[in-house]
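Presented below is the structure to which this report refers.
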Amino acid sequence: MSTISHHPHPVAQGAEDRIDLLLIGHDPADVFLVEKMLAETGLTAQITVAEDLDVARRKLTRRTQCVIVDLSAPGINRIEGLRQVLALSERAAVVVLTGINDAHLGVRAVAAGAEDYLVKQEVDGPLLARAIRYAVERKRAEETERRLVEARIMGRENARLERGLLPVPLIDDPTLRHHTRYRPGRRRALLGGDFYDTVQTESGAVHLMIGDVCGHGPDEAALGVQLRMAWRTLVLAGHSGEQLLATLDTVLGHERRSEEIFTTLCMITIAPSRRTARMHLAGHPAPLLFQADENGEAKVRALPEYAHGPALGLVPGAEWPTTEIDLGESAWSLMLYTDGLIEGRVGEGSRRLGTEGLVDLAAQARSRGATGRGLIDELVTRVEDLNGDALTDDLAVLLLSRP
């Protein structure tokens, strides 16, 4: 094996980068001819020569952009040998060399997967350089198209998977409006560690829940799905309040991959009358309550968080006290969210938005008439504007309204 680097002339600014070639052939005269022709064309190339397929397997690297293979070389059984070259080349383009009496073999080679073919007795420097450039660009185009097809297929699969993993609210009350927004922090991720759910039970009570598994990886996302499904099962089985949280804490202890994993959670049960509710906080930010004051003006406040317990998975035998909420007789909205919505920065420095900042933003949005999904979208947009960039943490928002 030999390696030759060609730098025939200074390369002008904007000229193409060097092309890494692997030449598979046994005839030193053919190797010399290829080197000479490329040097004369000004194509900047590094050529690695392999006498046969065994050497080629060892010398092919991820940097190799084009493989030139002589189908008359020993150990290369024409089309079958080409198939072996194609199998090992993967991302590299393949150009086939044939004899003048085997031109038909070149056509078969292109049909089998080679990017181009050349007849050795008819090739010159410009033709060889043009064939190499064409083969490399064709391979790049094929690779781009393949990735686009894979992305489309993955997108459709992800959409089906998302429909299966994200909850469909179980609500049978036409007086309520339910809106959510969910976005994982990891790039190209389907799910994050945040999760939420809404279930109406036979008594007419509506149960809301939102939670956040610490961390951002696929393990945390899977754990979030498990906890959500466990919560829904427990609610439908008639469990509620501190008893439900204690059971969910046990589930977390069995399902997490390490003892350092914990989960914050907010749970609200709205009475069938829709005038009162009970809240349990397990280390989670307090929800926002939207109401109208005596003059009909929008009023936004964070629910009290003085009665709260620790996050799930932290303290054995923990307790989670109940907070009673008066929703009133008129219209109201409850917005549950994860800390991804309030941990963005506010301007320069390290100051975070926090719950108070979110209350201010929510009051401004409501004064402009934003409601439902529009209210959520406006809040997320304003938070990102203040942060100066997209939010990197997982984000989930659940808004339940009684107009």
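Under numbering that gives the first Met the number 0, the first residue of the sequence shown is numbered 0, with each subsequent residue one higher.
We put the beta carbon where it would ideally sit given N, CA and C, even for glycine.
Computed from a predicted model, the values in this text were never measured in an experiment.
Mark residue i as exposed unless 16 or more other C-beta atoms lie within 10 angstroms of its C-beta, in which case mark it buried.
i      : result
Val250 : buried
Arg56  : exposed
Val10  : Here Val10 scores only 32 on pLDDT, less than 50, and its place in the model is too uncertain to base an answer on.
Ser88  : buried
Val205 : buried
Asp115 : buried
Ser257 : exposed
Gly13  : At Gly13 the pLDDT is 35, less than 50, meaning the model places this residue with poor confidence; the figure from the coordinates comes in the next sentence. Gly13 comes out exposed.
Ser202 : exposed
Asp196 : buried
Ser332 : buried
Ile152 : exposed
Ala306 : exposed
Thr380 : exposed
Asp53  : exposed
Ile18  : buried
Arg365 : buried
Val314 : exposed
Ala285 : buried
Leu288 : buried
Ile99  : exposed
Val212 : buried
Gly316 : exposed
Asp171 : exposed
Arg227 : buried
Ala150 : exposed
Leu235 : exposed
Gly368 : exposed
Thr60  : exposed
Gly343 : buried
Val148 : exposed
Based on Cα-Cα distance, which residue from the options lies nearest to residue i?
i      : options                        : result
Leu104 : Gly216, Val118, Val122, Leu340 : Val118
Asp388 : Gly191, Glu347, Pro168         : Glu347
Gly327 : Arg344, Lys298, Arg350, Glu355 : Lys298
Thr63  : Asn76, Arg77, Ala92            : Ala92
Asp51  : Leu81, Gly203, Met153          : Leu81
Ile131 : Ala150, Leu21, Asp218, Gln363  : Leu21
Leu126 : Leu302, Asp26, Val94, Ala113   : Val94
Arg351 : Gln363, Leu385, Gln120         : Leu385
Ala301 : Thr322, Pro315, Asn294         : Thr322
Gly371 : Gly216, Gln45, Leu399          : Leu399
Thr263 : Pro271, Glu219, Glu296, Ser272 : Glu219
Ala291 : Arg401, Val33, Glu142, Ile75   : Arg401
Asp123 : Glu296, Leu222, Glu241, Phe31  : Phe31
Val345 : Val382, Trp319, Ile375         : Val382
Ala270 : Gly252, Pro217, Leu233, Ile324 : Ile324
Leu357 : Gly368, Ser329, Ala330, Val396 : Val396
Ser329 : Arg61, Glu296, Ile46, Gly192   : Glu296
Gln120 : Ala140, Val167, Leu96          : Leu96
Thr200 : Gly368, Arg231, Ile341, His178 : Arg231
Asp359 : Phe194, Ile341, Gly373         : Ile341
Ile78  : Lys58, Arg107, Asp101          : Arg107
Ala49  : Lys35, Met36, Asp29            : Asp29
What span of residues does the alpha helix (DSSP H) with residue i cover, start to end?
i      : result
Ala28  : 27-40
Arg365 : 353-366
Ile375 : 371-386
Leu222 : 217-235
Leu104 : 102-111
Glu258 : Segment: none, Glu258 is in no alpha helix (DSSP H) and carries neither H nor E.
Output the boundary residues of the beta strand (DSSP E) element that contains residue i.
i      : result
Gln120 : Premise fails: Gln120 is in no beta strand (DSSP E) and is neither H nor E.
Gly210 : 205-212
Gln290 : 287-291
Asp51  : Per DSSP, Asp51 belongs to no beta strand (DSSP E) and is neither H nor E.
Ser88  : Not the beta strand (DSSP E): Ser88 falls in the alpha helix (DSSP H), residues 77-88.
Ile23  : 18-23
Tyr305 : It is not in any beta strand (DSSP E) - Tyr305 carries neither H nor E in the DSSP assignment.
Ile403 : Because the chain in this structure spans residues 0 to 402, residue 403 falls outside the shown range and cannot be described.
Leu333 : 331-336
For chain D, is any of its Cβ atoms less than 8 Å away from the one on residue i?
i     : result
Thr60 : This model lacks chain D altogether; it includes just one protein chain.
Using 8 Å for Cβ pairs, my map puts residue i next to residue j. What's the rounded Cβ distance?
i      : j      : result
Leu165 : Tyr181 : 6 Å
Val198 : Leu169 : 5 Å
Gly24  : Ala86  : Between Ala86 and Gly24 the Cβ distance is about 19 Å, and since that is not below 8 Å, they are no contact.
Glu318 : Glu377 : Wrong, their Cβ atoms sit about 38 Å apart, outside the cutoff.
Asp248 : Leu311 : 5 Å
Glu259 : Gln225 : Not really, about 17 Å apart at Cβ, beyond 8 Å.
Gly223 : Gly210 : 7 Å
Glu144 : Arg90  : In fact, because the Cβ distance is near 14 Å, the residues do not count as touching under 8 Å.
Gly191 : His215 : 6 Å
Thr47  : Lys58  : 5 Å
Consider the C-beta atom of residue i and the heavy atoms of the ligand NAP; say whether any pair is separated by less than 7 Å.
i     : result
Arg82 : Judged by which ligands are present, the structure shown has none, so any question about the ligand NAP falls away.
Is there contact between the region 380-396 and the region 330-337, where contact requires at least three CB pairs shorter than 8 Å? yes
Is the number of C-beta pairs between the region 34-47 and the region 68-84 that are closer than 8 Å three or more? no
Under 8 Å, with one C-beta from each stretch per pair, do the region 305-320 and the region 266-283 reach the 3-pair mark?
yes
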